[in-house]
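> This is the structure I want to talk about, given as C-alpha cells.
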Amino acid sequence: AGLKIGLLREGFAIPGMSEPQVDALVRAAVAQLESLGATVGEASAPWHRGVALDMWNVIATDGAAYQMLQGNGYGMNVDGYYDPEIMSYFGARRR
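Taking UniProt numbering, I'd label the letters of the sequence shown as residues 1 to 95.
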C-alpha cells in the first residue's frame with residue numbers, strides 16, 4: 001500500500017501550452033519516485049484537451065463573477081487599494 005501515481009497521457013505535449021522542459025522534469029520526478037517504490041501507471045482521459053477546457057472556462061467565469069459579487073465589485077485577495085465607497089455603493093445596489 002505505497003504511493004500510487006497516475007500520469008494523464010493527455011496532460012503532456014499539449015501544442016501551444018506545454019513546455020517540453022516541464023514535461024521532462026515531471027517524468028523524471030515520477031521515475032525517481034518509481035525507483036523509490038511508487039507504483040506508476042498511465043491513464044487516459046481523451047476529453048482532457050478538448051471539452052475539458054471549454055468546461056473549465058464556464059466554471060472559471062462563473063466563479064470569477066461570483067467572487068466579484070461577493071466582494072462588492074472587487075473580488076477577493078486584491079493586492080492593492082480597496083475603495084470602500086465603491087464597494088459600499090456596489091454592495092447596496094446588489095442587495
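Built from N, CA and C at the ideal position, the CB exists for glycine as well.
Residues in its own chain within less than 8 Å of A43 by CB, not counting five upstream and five downstream?
For the purposes of this step, residue 43 is taken as residue 43 along the sequence shown, with counting starting at 1. These residues qualify, in order along the chain: G6, L7, L8, R9.
> Taking C-beta to C-beta, are V26 and E34 nearer than 7 Å?
Within the sequence shown, residue 26 is the residue found at index 26, counting from 1. Within the sequence shown, residue 34 is the residue found at index 34, counting from 1. Against a cut-off of 7 Å, the Cβ pair of E34 and V26 comes out as no contact.
> Quick check: the region 63 to 77 against the region 43 to 55, are at least 3 beta-carbon pairs closer than 8 Å?
With a cut-off of 8 Å, the region 63 to 77 and the region 43 to 55 do not count as touching, because too few Cβ pairs lie within range.
> What is the residue span of the alpha helix (DSSP H) that E85 lies within?
Within the sequence shown, numbered from 1, the residue matching residue 85 stands at position 85. Start and end: 84 to 94.
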